[in-house]
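Encoded as structure tokens, the structure appears first; notes follow it.
Numbering (this note's numbering), first residue to last: 20 to 640.
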């Protein structure tokens with residue numbers, strides 16, 4: 020048998036460089052490169068291997084471990100999970116900084132490969148710098164923290180273990196039903212140890228992402244079930260994008276006259292102008308979609324995991340006989356809401372369901388004018404929100420209207436947390452697929468800037484905009500510097516509303532007077548954070564890093580800043596001063612946030628009673 024003597028780190032890179040993915044006969048290089056921050060736990064192992072022979076793998080220098088994993092996650096998400104970056108760090112704090120981002124990838128079902136350094140396997144210099152010592156179990160290290168947030172986890176304590184570990188890692192990374200964060204911990208001494216690896220291990224390997232066909236019996240059950248129903252509603256999740264099933268979805272909806280509602284991950288699958296598009300559903304849903312959800316007798320979920328926001332904490336579906344039919348490649352998601360499940364690729368399942376329902380002669384019993392009226396009512400409401408003028412300044416919805424009108428249909432917006440996801444889900448008008456990139460599985464603050472960098476890497480032919488609040492920006496903005504370093508332009512639209520206003524609104528809506536969520540000075544009189552707003556010049560901060568920056572306090576200034584930013588050749592930030600509390604809310608939706616059962620505040624007690632009343636109408640399963 021022919022062998023090649025390499026260190027474990029060299030073998031790792033040589034293997035990754037030869038991994039390809041085939042989808043519908045189209046072959047793509049799966050691992051584009053490695054993002055990394057070096058420390059003593061990886062610099063002389065995988066770092067040296069990258070320096071001497073990285074093959075076609077691109078190395079990108081991260082500035083924050085969490086941020087670079089968010090960027091890698093966004094790259095994979097924007098690439099429909101068909102391309103990835105690996106991420107390498109040192110041991111201890113460098114490794115642990117990736118845990119939050121690992122959970123973000125796993126929750127969202129996005130593939131990312133994490134390669135944290137680990138303690139010396141030989142234990143000779145024990146305890147090494149940054150080692151987490153656990154006296155009760157010497158085999159535990161900081162990288163064990165990745166176990167609950169990874170879809171696959173391993174630690175390589177002998178160089179030959181890499182062979183089986185990487186094959187298993189690729190299995191998970193390329194499996195649409197199992198994918199998420201994959202963590203392979205690399206002890207720093209083992210990274211440098213050599214082994215005679217089989218030459219065959221480094222040959223080009225093409226992983227085929229086969230489309231899972233639906234079982235005939237499952238299609239028959241689902242079609243027979245739907246055929247009994249009069250008012251179906253399609254709820255479209257991210258799986259429609261990942262399966263490339265947008266046209267099949269539109270054909271299915273049109274043939275059987277079924278209105279289409281979108282989750283955060285599913286948004287942009289259907290144009291807002293389509294006659295069957297009713298927009299966002301659930302807690303951050305439109306009035307049109309939420310009215311239909313309350314009346315529907317069957318919900319057909321395609322590629323959705325039914326988060327509490329999608330279901331309005333299981334309160335959105337009020338028909339006494341409402342039932343669910345779920346199409347999902349993952350059986351775990353397919354059975355949610357006690358559904359009739361079709362475990363299959365979304366494209367193949369929609370085609371099969373169409374054929375079966377056609378044989379049933381099925382068509383929904385909605386009056387066309389009814390859906391038209393709901394759409395008209397909602398579009399007029401969006402127009403109103405987009406045109407709100409306030410004496411005290413720029414409203415958030417007015418700013419979004421200016422931006423929505425300016426951007427090209429194929430431009431990509433990236434967002435994750437705060438009040439912006441709710442507003443964008445409701446009122447942002449999308450026309451082109453993959454133009455709406457929302458991380459709302461984990462709603463991880465700090466994803467916005469890092470994610471926009473990753474999305475821009477994945478879609479260099481499209482302009483990418485990060486939509487972020489000032490709270491998220493302060494928390495994590497480091498990959499703006501990386502975007503400059505890589506010559507990868509993105510535009511950051513920073514909505515400055517003086518703090519964590521989303522949670523501030525949530526507090527006050529449940530009986531609080533507002534506590535600890537605004538960026539205010541401490542009051543000398545009360546000793547609380549109730550003083551004046553802190554004046555923060557975000558544009559100046561961005562300029563200090565080399566980013567072009569503008570400030571807008573009016574709709575006219577924002578329109579002009581957008582024009583100027585479009586012409587810039589490097590990453591640009593627009594600081595948008597908006598009036599706090601001018602986001603959207605309501606529209607016959609609910610979200611469960613438990614309120615104290617006992618309180619000295621009458622407002623809190625009233626909020627508790629309202630919560631208890633809502634719980635009487637939720638779906639139990």
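Glycine included, each C-beta is placed from N, C-alpha and C at the ideal position.
So that I know if they touch, is there some Cβ in chain B lying closer than 8 angstroms to that of residue i?
i           : result
residue 626 : This model lacks chain B altogether, as it is built from one protein chain only.
Any idea if residue i is buried or exposed, counting beta-carbon neighbours within 10 angstroms, 16 or more meaning buried?
i           : result
residue 589 : exposed
residue 479 : exposed
residue 247 : exposed
residue 404 : buried
residue 542 : exposed
residue 249 : exposed
residue 442 : buried
residue 251 : buried
residue 134 : buried
residue 535 : exposed
residue 192 : buried
residue 117 : buried
residue 360 : buried
residue 188 : buried
residue 378 : exposed
residue 417 : buried
residue 605 : exposed
residue 42  : buried
Are the beta-carbon atoms belonging to residue i and residue j less than 8 angstroms from one another?
i           : j           : result
residue 284 : residue 311 : no
residue 256 : residue 362 : no
residue 34  : residue 53  : no
residue 591 : residue 623 : no
residue 275 : residue 383 : yes
residue 530 : residue 620 : yes
residue 357 : residue 231 : no
residue 593 : residue 571 : yes
residue 433 : residue 483 : yes
residue 85  : residue 112 : no
residue 296 : residue 317 : no
residue 573 : residue 444 : no
Can you tell me the Cα-Cα spacing of residue i and residue j, whole angstroms?
i           : j           : result
residue 90  : residue 402 : 34 angstroms
residue 265 : residue 288 : 6 angstroms
residue 507 : residue 423 : 22 angstroms
residue 475 : residue 88  : 15 angstroms
residue 76  : residue 36  : 6 angstroms
residue 159 : residue 153 : 6 angstroms
residue 340 : residue 447 : 32 angstroms
residue 641 : residue 515 : Since the first and last residues shown for the chain are 20 and 640, residue 641 lies out of range.
residue 631 : residue 331 : 15 angstroms
residue 94  : residue 627 : 42 angstroms
residue 71  : residue 245 : 60 angstroms
residue 564 : residue 104 : 25 angstroms
residue 371 : residue 509 : 41 angstroms
residue 537 : residue 229 : 49 angstroms
residue 598 : residue 299 : 24 angstroms
residue 253 : residue 319 : 5 angstroms
residue 96  : residue 583 : 29 angstroms
residue 400 : residue 407 : 11 angstroms
residue 581 : residue 467 : 18 angstroms
Select from the options the residue whose C-alpha is nearest the C-alpha of residue i.
i           : options            : result
residue 162 : 170, 151, 555      : 151
residue 575 : 481, 419, 486      : 419
residue 214 : 235, 175, 197      : 175
residue 282 : 127, 191, 338      : 127
residue 333 : 352, 504, 305, 301 : 301
residue 147 : 219, 519, 254, 206 : 206
residue 487 : 553, 406, 517, 158 : 517
residue 291 : 261, 48, 369, 393  : 393
residue 391 : 338, 435, 326, 277 : 277
residue 457 : 470, 450, 451      : 470
residue 58  : 20, 110, 67        : 110
residue 83  : 637, 465, 412, 426 : 465
residue 294 : 259, 388, 157      : 388
residue 352 : 258, 30, 512       : 258
residue 559 : 552, 551, 62, 568  : 568
So residue i and residue j are in contact, right, with Cβ under 8 angstroms, and what is the actual spacing, rounded?
i           : j           : result
residue 65  : residue 114 : In fact, because the Cβ distance is near 13 angstroms, the residues do not count as touching under 8 angstroms.
residue 138 : residue 608 : Contact flag wrong, Cβ pair sits at about 48 angstroms.
residue 368 : residue 344 : At roughly 10 angstroms, the Cβ-Cβ gap does not stay under 8 angstroms, so residue 368 and residue 344 are not in contact.
residue 26  : residue 211 : 5 angstroms
residue 108 : residue 169 : 15 angstroms between Cβ atoms; not a contact.
residue 123 : residue 463 : 5 angstroms
Going by the C-beta, is residue i closer than 7 angstroms to any heavy atom of the ligand MG?
i          : result
residue 58 : The ligand MG is not part of this structure, which contains no ligands at all.
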